[in-house]
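**Q** Numbering (the working numbering), first residue to last: 36 to 193. Positions of the beta carbon are idealized from the N, C-alpha and C atoms, including for glycine. The structure presented is a predicted model; accordingly, all values stated were derived computationally and were not measured.
Here's what the structure looks like:
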C-alpha cells in the first residue's frame, strides 16, 4: 500500500470539501461548516494565494489533506506556516497518512525558509497529541486560541 502526497490543484475543491467536512463532523463542528467547492477553487486557481493545500492518496484514492496559510513572526522577522487542518477520511486512518501530511508541510516550510509550522490542536484529541508529540512538536499549554466572528466581529469593526 502506498501513500503519495501531491499539491491540490484547480478541480480539487470537491475532494477538499469532502475531507474537511469529515473533519468538521469528527470535531462536532458540522453546524459551522459553510464552505463550498468554489471557495476552495478560488484559492487553488490563484497563483498569488497565501494559502495552499496538499492531498494524500492511498493507492491513488484521495484519503486525506492538509490546508495551510502563510504567516509572519514579528519575533523572528520571518515567514511561517500556519497549519489550518489535517484531515484523514475515517477509512484511511491509522495508515500513516496524517504523519505523511505533516512531514510534507514540514518540507514545504523548510523549502520556504519558514521559521516554524504552527497550528491549533483540540485539547481532547489524544490521537492528534500523540502524533504531534511523536513528530517532535512542542505543545504549549499556556496559549489559548482566540476568535472574533459573527456579531462580535461586526460590533468591533463598527
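(1) Reducing DSSP to helix, strand and coil, say where residue 153 ends up.
(2) To the nearest angstrom, how far is the alpha carbon of residue 107 from that of residue 139?
(3) Less than 8 Å between the CB atoms is what I'm expecting for residue 103 and residue 79, so what's the real figure, rounded?
(4) When DSSP labels each residue in this structure, what does residue 120 get in the three-state scheme?
(5) If residue 141 and residue 123 are in contact, beta carbons under 8 Å, what's the gap, nearest whole angstrom?
(6) For residue 127, which residues of its own chain have a beta-carbon under 7 Å away from its beta-carbon, when the five flanking residues on both sides are left out?
(7) Just verifying my parser: in three-state terms, what is the DSSP assignment at residue 44?
(8) In terms of residues, what are the limits of the alpha helix (DSSP H) holding residue 102?
(9) Run the proximity test for residue 155: is its beta-carbon closer than 7 Å to any non-hydrogen atom belonging to the ligand NAP?
(10) Would the beta-carbon of residue 113 fall within 8 Å of that of residue 149?
(11) So, using beta-carbon positions, are residue 143 and residue 88 closer together than 8 Å?
**A** Concretely, from the data shown:
(1) In the chain shown, the residue the question calls residue 153 occupies position 118. Strand.
(2) Locating residue 107 in the chain shown gives position 72, counting from the first residue. Locating residue 139 in the chain shown gives position 104, counting from the first residue. Their backbone Cα atoms lie some 20 Å apart in a straight line.
(3) Position 68 of the chain shown holds residue 103. Position 44 of the chain shown holds residue 79. Rounded, the Cβ-Cβ distance is 13 Å, inconsistent with contact.
(4) Residue 120 sits at position 85 when you count from the first residue of the chain shown. Correct three-state label for residue 120: strand.
(5) The count along the chain shown starts at 1 and reaches residue 141 at position 106. The count along the chain shown starts at 1 and reaches residue 123 at position 88. With a contact defined as Cβ atoms closer than 8 Å, residue 141 and residue 123 miss out at about 17 Å.
(6) Reading the chain shown from its first residue, position 92 is the one you call residue 127. Answer for residue 127: 93, 98 and 99, listed in chain order.
(7) The count along the chain shown starts at 1 and reaches residue 44 at position 9. Assignment of residue 44 by DSSP, reduced to helix, strand and coil, places it in the coil class.
(8) One-based indexing of the chain shown puts residue 102 at position 67. No alpha helix (DSSP H) contains residue 102, which is instead part of the beta strand (DSSP E) from 96–108.
(9) As for the ligand NAP, it is missing from this structure, which has no ligand bound.
(10) Along the chain shown, read from residue 1 onward, the residue named residue 113 stands at position 78. Along the chain shown, read from residue 1 onward, the residue named residue 149 stands at position 114. A contact, by the Cβ cut-off of 8 Å.
(11) Here residue 143 refers to the residue found at position 108 of the chain shown. Here residue 88 refers to the residue found at position 53 of the chain shown. Not in contact: residue 143 and residue 88 (Cβ atoms no closer than 8 Å).
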